[in-house]
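Structure first, then comments.
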Amino acid sequence: PKEREQVLADLAAVRAERDAGAVEAALASVESAARGDENLMPALVHAVGAYATIGELCSVLTGVFGEHRAEEGF
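Counted the way the numbering used here counts, the sequence shown spans residues 3 to 76.
Rendered as structure tokens:
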């Protein structure tokens, strides 16, 4: 629990200090790349450089591609 609290505090500090507009623009670029046929990696690298979180990136990608559901009953 102590480590979890520290991680959440660190995340809150990063979110408070980052440029929210740059993050939003970078996430929009990730979404645009995901919806098109261009390479996602440059947009992802740019978003990480703007301090977008893994959760934010995953949310954008899930919004575009959906969530994988394994078939049942092999």
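Every residue gets a Cβ at the ideal spot worked out from N, C-alpha and C, and that includes glycine.
Select from the options the residue whose C-alpha is nearest the C-alpha of residue i.
{"i": "L13", "options": "A35, I56, P44 and F67", "result": "I56"}
{"i": "L29", "options": "L59, A11 and E5", "result": "L59"}
{"i": "V66", "options": "V32, E74, A45 and E73", "result": "V32"}
{"i": "G38", "options": "H48, E73, G23 and L63", "result": "L63"}
{"i": "A22", "options": "E74, A72 and G51", "result": "G51"}
So, using beta-carbon positions, are residue i and residue j closer together than 8 Å?
{"i": "Y53", "j": "V9", "result": "no"}
{"i": "A35", "j": "A24", "result": "no"}
Closest Cβ-Cβ distance between residue i and chain C: below 8 Å?
{"i": "P44", "result": "In summary, chain C is missing from the structure at hand, where a single protein chain is found."}
Does the Cβ of residue i lie closer than 7 Å to at least one heavy atom of the ligand SAH?
{"i": "G57", "result": "Although the ligand SAH was asked about, the structure shown includes no ligands whatsoever."}
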